[in-house]
Amino acid sequence: MAFYRSIGDVPPKRHTQHRRPDGGLYYEELIGEEGFSSDSSLLYHREIPSAIVDSRPWELPDLSTVPNHPLKPRHLRLHGLFPADGWRGLDAVTGRRLVLANDDVRISYAVVGAVSPLYRNGLGDECVYVESGSALVETVFGTLEAGEGDYVVVPRATTHRWVPLGEDPLRLYAIEANSHIAPPKRYLSRFGQLLEHAPYCERDLRGPEGPLLAEGEDVEVYVKHRGPGAHGIAGTVLVCPTHPFDVVGWDGCLYPYAFNVRDFEPVTGRVHQPPPVHQVFEGHNFVVCNFVPRKVDYHPLSIPVPYYHSNVDSDEVMFYCGGDYEARKGSGIGQGSVSLHPGGHPHGPQPGAYERSIGVEFFDELAVMVDTFRPLELGEGGRACEDPAYPWTWSGRGPEGRS
Numbered sequence: 001m002a003f004y005r006s007i008g009d010v011p012p013k014r015h016t017q018h019r020r021p022d023g024g025l026y027y028e029e030l031i032g033e034e035g036f037s038s039d040s041s042l043l044y045h046r047e048i049p050s051a052i053v054d055s056r057p058w059e060l061p062d063l064s065t066v067p068n069h070p071l072k073p074r075h076l077r078l079h080g081l082f083p084a085d086g087w088r089g090l091d092a093v094t095g096r097r098l099v100l101a102n103d104d105v106r107i108s109y110a111v112v113g114a115v116s117p118l119y120r121n122g123l124g125d126e127c128v129y130v131e132s133g134s135a136l137v138e139t140v141f142g143t144l145e146a147g148e149g150d151y152v153v154v155p156r157a158t159t160h161r162w163v164p165l166g167e168d169p170l171r172l173y174a175i176e177a178n179s180h181i182a183p184p185k186r187y188l189s190r191f192g193q194l195l196e197h198a199p200y201c202e203r204d205l206r207g208p209e210g211p212l213l214a215e216g217e218d219v220e221v222y223v224k225h226r227g228p229g230a231h232g233i234a235g236t237v238l239v240c241p242t243h244p245f246d247v248v249g250w251d252g253c254l255y256p257y258a259f260n261v262r263d264f265e266p267v268t269g270r271v272h273q274p275p276p277v278h279q280v281f282e283g284h285n286f287v288v289c290n291f292v293p294r295k296v297d298y299h300p301l302s303i304p305v306p307y308y309h310s311n312v313d314s315d316e317v318m319f320y321c322g323g324d325y326e327a328r329k330g331s332g333i334g335q336g337s338v339s340l341h342p343g344g345h346p347h348g349p350q351p352g353a354y355e356r357s358i359g360v361e362f363f364d365e366l367a368v369m370v371d372t373f374r375p376l377e378l379g380e381g382g383r384a385c386e387d388p389a390y391p392w393t394w395s396g397r398g399p400e401g402r403s
């Protein structure tokens, strides 16, 4: 995201001496993408950022997956994954349960009430959608306030933690990439500015406030990285001699930010618009879209709900997180549901939705969609909350009803 910011105390020239009030030097760290060939930021630490005093394994939550075989659409009820009060002792890092995954992206769900450990994802960027609740996301760049409807995009290798606020559970839908996550290229000028046709602009993005300076000794940082575990993922706890949140200032174009779904401006037309108009972010081999409350098709013969379609090249995942999703009435899908419609299988509105939608002028719905270009497999969390009746809801009978 080539949108320059500067926070705190930085020297007038990069890669030059930056001295403390007592004459000692601050330590400059470059956090950059694609080697030294893409977006980056320079951070100025009070202590050496690479110093550690211990390293031990972190036993990650269950990341095993099973294929979607035999092929069928799936309905997963995420709100059933956590007991009524069991969330109070869980945190946003170690409390995640894997729902769906492939070698490009992992989708997890967490309901939490405890402060997370310091955490760094060394595999790729994270895009965490806040379904409900509120939190402070404390990072090496500063602090972000996050609440209902926020996407929080955290670049790879950013040390951060989630601090829930209030008495209500914090519900998080976490999209973890093995790549970077950014606005779609077609929304950006060749210099990186969001263009006039983009459904949001730089004014809608909230960067971190800071700097955030903390004290501490022998501070643990949980790191997810490439290794021998499931999907080639391993975990390590690094122990730093001083607190990583010691940055007195930073500048650059790479940093965590928040974007609220209510600031997404939907595109509508006389006839039904295809899903790419709803896109908000993209990563390697996947895209993120959102369906927000909006006026719908206004051709006199329009059918506002989606037409039936086959995702020839992708799996489609919908997370239903608000409103009343017209096309899914009668399917059992509700708040907190996830549907998986796999490539190679046509899908679309439930029976009767076509007819009911004629003449409708407004849809009050909110959903986050992830389309992947490699097949998704079911994680432990997805297997634990599946609705077995969903695949048969278009026909009205399942395999037990065959003659």
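Here the sequence shown is numbered in the UniProt record's numbering, starting from 1 and rising by one per residue. Ideal Cβ placement from N, Cα and C applies to all residues, glycine included.
Helix, strand or coil at residue i [DSSP, three-state]
i: residue 357; result: helix
i: residue 220; result: strand
i: residue 305; result: coil
i: residue 98; result: strand
i: residue 90; result: coil
i: residue 392; result: helix
i: residue 200; result: coil
i: residue 85; result: coil
i: residue 299; result: coil
i: residue 397; result: coil
i: residue 67; result: strand
i: residue 79; result: helix
i: residue 275; result: helix
i: residue 270; result: coil
i: residue 347; result: strand
i: residue 45; result: strand
Cβ-based burial, residue i [other Cβ within 10 Å; buried from 16]
i: residue 119; result: buried
i: residue 16; result: exposed
i: residue 183; result: buried
i: residue 282; result: buried
i: residue 196; result: exposed
i: residue 403; result: With a pLDDT of 46 at residue 403, under the threshold of 50, the modelled position of this residue cannot be trusted; read the value that follows with caution. Burial call: exposed.
i: residue 138; result: buried
i: residue 66; result: exposed
i: residue 224; result: buried
i: residue 278; result: buried
i: residue 52; result: exposed
i: residue 129; result: buried
i: residue 208; result: buried
i: residue 308; result: exposed
i: residue 312; result: exposed
i: residue 284; result: exposed
i: residue 19; result: exposed
i: residue 76; result: buried
Bounding residues of the beta strand (DSSP E) (the contiguous stretch that carries residue i)
i: residue 126; result: 126-132
i: residue 51; result: Run containing residue 51: none; DSSP gives neither H nor E here.
i: residue 32; result: 27-32
i: residue 367; result: 365-372
i: residue 122; result: Run containing residue 122: none; DSSP gives neither H nor E here.
i: residue 282; result: 279-283
i: residue 252; result: 247-252
i: residue 238; result: 233-242
i: residue 258; result: 257-260
i: residue 264; result: Run containing residue 264: none; DSSP gives neither H nor E here.
i: residue 288; result: 286-291
Member of the options whose CA lies at the smallest distance from the CA of residue i
i: residue 35; options: 180, 160, 295; result: 180
i: residue 271; options: 235, 358, 317, 143; result: 358
i: residue 200; options: 178, 237, 191, 260; result: 260
i: residue 103; options: 232, 249, 384, 8; result: 232
i: residue 353; options: 341, 334, 328; result: 328
i: residue 257; options: 152, 124, 217; result: 152
i: residue 424; options: 400, 378, 22; result: In the structure displayed, the chain extends from 1 to 403; residue 424 sits before or after that span and is not available.
i: residue 107; options: 162, 78, 158, 173; result: 173
i: residue 221; options: 299, 57, 381; result: 57
i: residue 167; options: 134, 145, 55; result: 134
i: residue 191; options: 366, 141, 38; result: 38
i: residue 262; options: 96, 148, 284; result: 148
i: residue 44; options: 6, 63, 369; result: 6
i: residue 202; options: 146, 161, 264, 229; result: 264
i: residue 98; options: 340, 380, 90, 117; result: 380
i: residue 325; options: 140, 236, 304; result: 304
i: residue 374; options: 111, 100, 292, 393; result: 100
Range covered by the alpha helix (DSSP H) that runs through residue i
i: residue 106; result: Run containing residue 106: none in the alpha helix (DSSP H); it sits in the beta strand (DSSP E), 105-112.
i: residue 380; result: 380-384
Cutoff 8 Å: residue i Cβ touching any chain D Cβ
i: residue 28; result: Here chain D cannot be found, since the structure has a single protein chain.
Would you mind listing the beta strand (DSSP E) stretches within the segment 307-344 that are 3+ residues and don't spill past its ends, in chain order? 315-323, 337-341
Which full runs of the beta strand (DSSP E) of 3+ residues lie inside the UniProt region "Disordered" (1-21), going along the chain? 5-8
If we require 3 or more residues per run, which beta strand (DSSP E) segments fall completely within the segment 142-214? 142-146, 150-154, 160-165, 170-177
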